[in-house]
Amino acid sequence: MSNPFKNIIPLTLLCLFASFSQQSSAQSDDSDFVEPAVVNIDKGFPGYAHIVAYADSMLTMHYQLHDVYSEAYDTSQVNQLYSLHFLSDSLKESFDSFYNFRIKRLKQDYGFRISGYYNYNFKPGFADEEDVYYKQRFYLGLDWNLLGNGGFLANQMQAKELESALKVEQFDRSQQVARDNFLYRYNYLIYVFNSEKLRLIADRIQLLQGLEKIYRELFYIRRVGWEEVLKVRGLESRMKAIQRGYNDYNYQLAHQLPAYEELPAEKDSLPFLDVDPVKMMALYETHSVDSLKDAVYLANIRTKYKSLEGWMIRPFIRYNFQQGVNDNWRKYGSAGLSAAVPLRFGPSHNRIAEAAEVLYEAKEKNKVSQRKLDLFNYFYDHQYKKYQLFEFYFKRAQIEERIRKQRAFLLLKSPAFSPVQLLTDIDQKLAVETELTDLKKEMYLDILKIQSVLNDVPVTSFTKPMEMDEYVKRFAGKRSVYIWSKTFCQMDMQTLIADLDMNEIREVLLSPGKSCPDAKLSAFLKQAKAEGIEVHDLIGNNQLLFDSTEQINKRLQEAVDKGFDGIHLDVEPQALPQWDSLKEEYLARLVDLYSKAHAFADSQHLKLSVSIPVFFPENYLKEIYRNADQVFLMAYGSNRPSTIIRRISEETTIDPQKTVLAVRPGDFVNRLQMEAVIEKVLDSTRVRRVAIHDLKAIHLMANVQSLGDTNVVKEYLASNKPKEKSVYHLQVFSADYKLDPEKVKKELDLDESLIVVHKNGYYKYCIRTFDSLQKGLEVMKKFRKIPRFSGVFLVKTDVGRQSVN
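Below, the structure written as structure tokens:
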């Protein structure tokens, strides 16, 4: 091994420094430090425009930050991080070669020996009668030592013993390398997350410097006391001190350990990881250091005490030469067998081997118990950090929501916008992000400890990414929305972006139309990209079914030229007059169109998605799914979950990952019902994406108070005849602020006069007047059959309090 202990002492000191510095950082949490008071300033304040501009720049920085948690996590980076090898066993090759040469020599020694013998007889004269039977004799032969010391079988057993000893030696050396690499990985993880925290701290210091300047200006005009300025300065000073500590650690680590210089200091998209205890324990039984060590060491004991000592079987063949006393020579061949069996009266080798195994297991029992307890402790510590993670993550979500509202106020130029509140919220968000990064680091270190007990198995084999976003989302599923040209052209950019943000829209299917200025489209595409929202060109022209390939590509090229992220085809042959008679021809044309569009989109590296109804034949569905990245199922006309699930069953069977559930708000009484139905459908299928058709319908649903007045129903059940002093109106929508009735009529495409009733804090926009509840209910039922009026209700109004516009 290439001097593995060279950097162990500084490395251990760095570990201790990291441990104490992280503990002190965690203990000195910002929650112990009093935040400066939030001061509301109005437009009349000197320098207000400058403060707003600074707040806007910090808001831009905030949305450009790479969040601690990202949906776009990369598990390959996780495996790479936990499989880094900083040290290797440099003697491994030489050591293995030495053992393997010895093993090979023993295995190829079959026990054959060439033997020879010479004997000369003479009379030394010690006795009177010395009789020499022959003068001399010699032979040349071949012996085969089959069973005995140095024999064939003994050599094979010795080779196995060496193989077993080599495995023990390799195991011991690999564990030493693993222990050394553990220290390097441990510090590298701290190094990586320190780099992430340094980025967050730098952003926070920048923000606090601007905030301190603002509070100083507020002090000069007597809007805040000096203690508020000191609070900001104190926070800034603490951040700079923490920044120096992290910088010193990373600098020393990189210079003490040259291996780190070639590795990146930052890792993008590392998810929070949860440990699966069942998989962890299953891997402990099969892959832990203890299980592998037992297998190697016990096998070595059994091999070591297998012995052929005292046994011998040796066949031989010889050719003999013998000279008699008369000088005559005799030549002849001979063959034979030598054998020996030991007589032992003590314990057998098997009993000795069993005793050795018992001794080994007794020594290891306490060690195994301790390592298993360590594994449980690491797991428990990780779970405790997970509970802390939830606390900070929900705190982060609350701050995010406050920032989102302030941003909406800023975009809409609302008087509720507070630049100081926005800056304070961003500062708190950065503080929480830093704590989350530290928690992630601690969780990753616990996982590293677990991995070390499990003998460096891939981390992804016992962990899984935590879907944290699911806990704080407002709506189920990843959301898309259709936006048609009229809505897009009428809405201002700020309101549109705020709407998409509020409704958690991450994908827009946009039909900009020809009347909308190109500058607005370009600005929207640029802003959407900055917000992380994909925008696809929504093409709803049925003529494409009959166009040539050249014409189709020309139209699709417009999406490329304008800068769209993808193409969405909302081509509906079922709407053509001859659909019933030419269904097969139209479907064949549709599949051919999708195939051409798919080839074009692939060549331009664009996504292709399509909208289809829920009644296309299965044989065409498979071709449609093959040619599209996403298939939007227009599950319109029902608000019953069971009906929707049944209608989309064929499509979800083909590929639920490509399937997008498209719903129409007009099919639901209110948003509460729509979201409940969506959740039930997603829970019952493997569909995870939802599209709303369309943004205008969302606006109508937001304005219409579809729950209505429940006292009307109760009164009707009690008496069929209402009081003569009351009348009833058909409520088409309501709002908590007053709107221009003409704009309401235009939005709802109404020709009738509107009656505005102010009741229970709402402005209720109604049509028609009924002096009978029964007449009103009859008309209400007819209106509810019209999709855009499916949520109308009756409103009871006292004649004397009626307000008519």
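Taken in order, the sequence shown gives residues -26 to -1, 1 to 779; the numbers are from mature numbering (1 follows the signal peptide of the UniProt record, and there is no 0).
All residues carry an ideal CB built from backbone N, CA and C; glycine is no exception.
Bear in mind the structure is a predicted one, so any value in this text is a computation, not a measurement.
Just the C-alpha distance for residue i and residue j, rounded to the nearest angstrom, thanks.
| i | j | result |
| --- | --- | --- |
| Tyr739 | Leu751 | 17 Å |
| Val653 | Lys500 | According to the sequence as given, residue 653 is Glu; it is not Val. In a straight line, the C-alpha of Glu653 is about 32 Å away from that of Lys500. |
| Gln296 | Val106 | 13 Å |
| Leu397 | Phe498 | 26 Å |
| residue 799 | Val718 | This structure gives no information on residue 799, because the portion of the chain shown stretches from -26 to 779. |
| Glu592 | Val455 | 26 Å |
| Pro486 | Arg207 | 49 Å |
| His40 | Gly537 | Any reading at His40 must be qualified, since the residue scores a pLDDT of 48, below 50, and its modelled position is unreliable; the value itself is stated next. Using only the alpha carbons, I get a separation of about 24 Å. |
| Ala128 | Thr260 | 33 Å |
| His510 | Trp458 | 12 Å |
| Phe462 | Ser489 | 11 Å |
| Arg292 | Tyr84 | 19 Å |
| Glu698 | Ser746 | Confidence at Glu698 is low in this model, with a pLDDT of 46, below 50, so the placement of that residue is unreliable and no value is reported for it. |
| Gly611 | Gln362 | 45 Å |
| Arg173 | Leu410 | 14 Å |
| Ile400 | Leu33 | 8 Å |
| Ile25 | Leu484 | 35 Å |
| Pro547 | Trp553 | 7 Å |
| Met648 | Leu181 | 41 Å |
Please confirm whether residue i and residue j have their CB atoms less than 8 Å apart.
| i | j | result |
| --- | --- | --- |
| Lys503 | Gly540 | no |
| Gly122 | Trp285 | yes |
| Ser138 | Thr277 | yes |
| Ile175 | Gln230 | no |
| Lys141 | Val270 | yes |
| Ala562 | Asn516 | no |
| Val664 | Gly506 | no |
| Leu722 | Tyr737 | no |
| residue 781 | Ile628 | This structure gives no information on residue 781, because the portion of the chain shown stretches from -26 to 779. |
| Leu669 | Glu625 | no |
| Gly90 | Tyr113 | yes |
| Gln110 | Tyr94 | yes |
| residue 780 | Val637 | Shown here, the chain extends from -26 to 779; a query on residue 780 therefore has no answer. |
| Ile424 | Tyr352 | yes |
| Asp492 | Arg378 | no |
| Leu519 | Tyr560 | yes |
| Val655 | Ile618 | yes |
In the DSSP output, what is residue i paired with across the bridge?
| i | result |
| --- | --- |
| Gly298 | Tyr108 |
| Ile586 | Leu607 |
| His59 | According to DSSP, which records beta bridges pairwise, His59 is partnered with nothing at all. |
| Lys438 | Asp248 |
| Ala309 | Ile291 |
| Asp511 | Leu484 and Ile541 |
| Trp303 | Gln297 |
| Gln395 | For Gln395, which the question treats as bridged, DSSP gives no partner whatsoever. |
| His732 | Tyr737 |
Residue i and residue j look like a contact to me (Cβ under 8 Å); what is the Cβ gap, rounded to whole Å?
| i | j | result |
| --- | --- | --- |
| Leu385 | Ile479 | Rounded, the Cβ-Cβ distance is 16 Å, inconsistent with contact. |
| Leu704 | Leu768 | 6 Å |
| Val605 | Lys632 | 5 Å |
| Val203 | Tyr223 | The pair is not a contact, with the Cβ atoms about 31 Å apart (cut-off 8 Å). |
| Val431 | Leu257 | 6 Å |
| Leu163 | Lys415 | 6 Å |
| Phe436 | Lys253 | 4 Å |
| Leu564 | Val545 | 6 Å |
Which of the three DSSP states, helix, strand or coil, is assigned to residue i?
| i | result |
| --- | --- |
| Trp118 | strand |
| Gly640 | helix |
| Cys740 | strand |
| Asp83 | coil |
| Gln631 | coil |
| Gly90 | strand |
| His667 | coil |
| Lys387 | coil |
| Arg453 | strand |
| Gln552 | coil |
| Gln217 | helix |
| His579 | coil |
| Val198 | coil |
| Val701 | strand |
| Ile760 | coil |
| Lys770 | strand |
Hey, is residue i's beta-carbon within less than 8 Å of any beta-carbon in chain B?
| i | result |
| --- | --- |
| Tyr293 | Any reference to chain B falls outside this structure, which holds one protein chain only. |
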